[in-house]
Amino acid sequence: MIKKEVLIPNIVTAGNIFMGYFSILESIKGNFVTSIWFIILAMFFDSIDGQVARKFNAFSEFGKEFDSFCDAFSFGLAPALLIYFLLEKEMNGSIFVVLISFVYAICGVIRLARFNIDTISSSEKSDFVGMPIPNAAGMICSYILVCNAIEKNLGINFFNLKFFVAIIVIASILMVSTIPFKVPTKIFDYLPKERKWLIALILVIILALKYFLFIFSFGYVIVTLINFFRRNNDKY
44 MIKKEVLIPN IVTAGNIFMG YFSILESIKG NFVTSIWFII LAMFFDSIDG QVARKFNAFS
104 EFGKEFDSFC DAFSFGLAPA LLIYFLLEKE MNGSIFVVLI SFVYAICGVI RLARFNIDTI
164 SSSEKSDFVG MPIPNAAGMI CSYILVCNAI EKNLGINFFN LKFFVAIIVI ASILMVSTIP
224 FKVPTKIFDY LPKERKWLIA LILVIILALK YFLFIFSFGY VIVTLINFFR RNNDKY
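Every number in my numbering is 43 more than the matching position in the sequence shown, counting from 1.
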């Protein structure tokens with residue numbers, strides 16, 4: 044009989060891939076905004092599975108590998124197919140669509156394969172090597188969401204195909220780079236810690252999630268790159 048201490052964290056992790064699966068189905072149908080919300084739900088399950096595992100003291104090699112496979116599906120394959128079907132709509136029949144979506148997918152898998160051989164848990168270190176794959180998915184998804192919101196609310200077509208492709212390329216490169224990315228909770232450690240302010244912040248995030256994800260995912264990259272280049276300049 045499987046112990047609930049092991050089963051429950053893996054069920055939460057399975058919620059990640061379940062959302063990724065539905066995201067792919069929605070991308071195939073052309074429902075890109077719905078597809079993105081499923082990826083965001085996958086991010087939610089991914090963010091809490093470690094906490095659940097700690098609560099039940101249920102860390103295992105299987106759990107680590109299962110989590111990475113789910114991340115590859117939800118934040119690698121699902122966004123890659125989102126990219127493919129969205130660009131196919133904009134650039135019908137272009138081989139470039141296949142190439143750019145595949146580049147994102149393979150860079151995501153490489154990122155996770157490298158992460159898997161790192162035996163130090165993120166709670167015990169300050170840096171990731173390369174950008175975490177959920178943030179890469181966040182950059183792509185949040186740009187589409189913000190463009191959709193601006194067009195819906197203001198009637199302005201903010202979506203730029205070249206800029207979107209640039210985001211995909213930059214996200215792919217950053218995932219396989221050796222640039223150190225701090226654990227997000229540490230890079231934004233100035234956020235309020237008191238419970239009442241934390242609850243208020245969470246409510247604001249939920250109400251304005253499509254904008255917050257854009258600010259957070261791109262802000263995370265910008266802050267990281269500024270710190271990286273500043274440290275390198277100080278060496279010389």
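Backbone N, C-alpha and C fix where the C-beta goes; we use that ideal spot for every residue, glycine too.
(request) Kindly indicate which residue of I193, R154 and L188 has the alpha-carbon position closest to the one of E83. (result) The residue given as residue 83 occupies position 40 in the sequence shown. In the sequence on display, residue 83 carries Ile and not Glu. Considering only alpha carbons, the answer is L188.
(request) Sort I222, K98, P223 and F118 by Cα distance to F211 and report the nearest one. (result) On the sequence shown, residue 211 is found 168 positions in, with the first residue counted as 1. With the sequence shown as reference, residue 211 is identified as Ile, and Phe is not the correct amino acid for it. Closest option to I211, Cα to Cα, is F118.
(request) Please specify which runs of the alpha helix (DSSP H), each continuous and at least 4 residues long, are wholly inside the stretch 89-168, giving them in chain order. (result) 104-114, 121-133 and 138-159
(request) Measure the alpha-carbon distance for F87 versus S111 and round it to whole angstroms. (result) Working through the sequence shown from its first residue, we reach residue 87 at position 44. Working through the sequence shown from its first residue, we reach residue 111 at position 68. Spanning the two alpha carbons is a distance of roughly 15 Å.
(request) Could you please give me the residues that DSSP links to F224 through a beta bridge? (result) Against the sequence shown, residue 224 aligns to sequence position 181. Paired residues: F171.
(request) Within 10 angstroms of the Cβ of F171, are there 16 or more other Cβ atoms? Answer buried if so, exposed if not. (result) Locating residue 171 in the sequence shown gives position 128, where the first residue counts as 1. Under this definition F171 is a buried residue.
(request) Can you say whether G173 is buried or exposed, counting buried as having 16 or more other CB atoms within 10 angstroms of its CB? (result) Translated into the one-based positions of the sequence shown, residue 173 becomes position 130. The residue in question, G173, is buried, as its Cβ has 16 or more Cβ neighbours within 10 Å.
(request) Please work out which residues of its chain come closer than 8 Å, Cβ to Cβ, to F201, disregarding the five sequence neighbours upstream and downstream, and give them in chain order. (result) Looking up residue 201 in the sequence shown gives position 158. Answer for F201: V189, C190, I193 and E194, listed in chain order.
(request) Would you tell me roughly how many angstroms separate the C-alpha atoms of L120 and I67, rounded to the nearest one? (result) The count along the sequence shown starts at 1 and reaches residue 120 at position 77. The count along the sequence shown starts at 1 and reaches residue 67 at position 24. C-alpha separation (whole angstroms): 8 Å.
(request) Tell me whether N59 sits in a helix, a strand or coil according to DSSP, three-state version. (result) For this step, residue 59 is matched to residue 16 along the sequence shown. Three-state DSSP puts N59 in a helix.
(request) Determine the closest residue to M182 out of V208, G198 and F128, with distance taken between C-alpha atoms. (result) The residue you call residue 182 lines up with position 139 of the sequence shown. With distances taken between Cα atoms, M182 lies closest to V208.
(message) If you measure between the beta carbons of D114 and I199, is that distance less than 8 Å?
(response) If you number the sequence shown from 1, residue 114 lands on position 71. If you number the sequence shown from 1, residue 199 lands on position 156. In this structure, I199 does not lie closer than 8 Å to D114 by Cβ.
(request) Could you tell me whether the stretch 148-162 touches the stretch 98-105, using the rule of 3 or more Cβ pairs below 8 Å? (result) no
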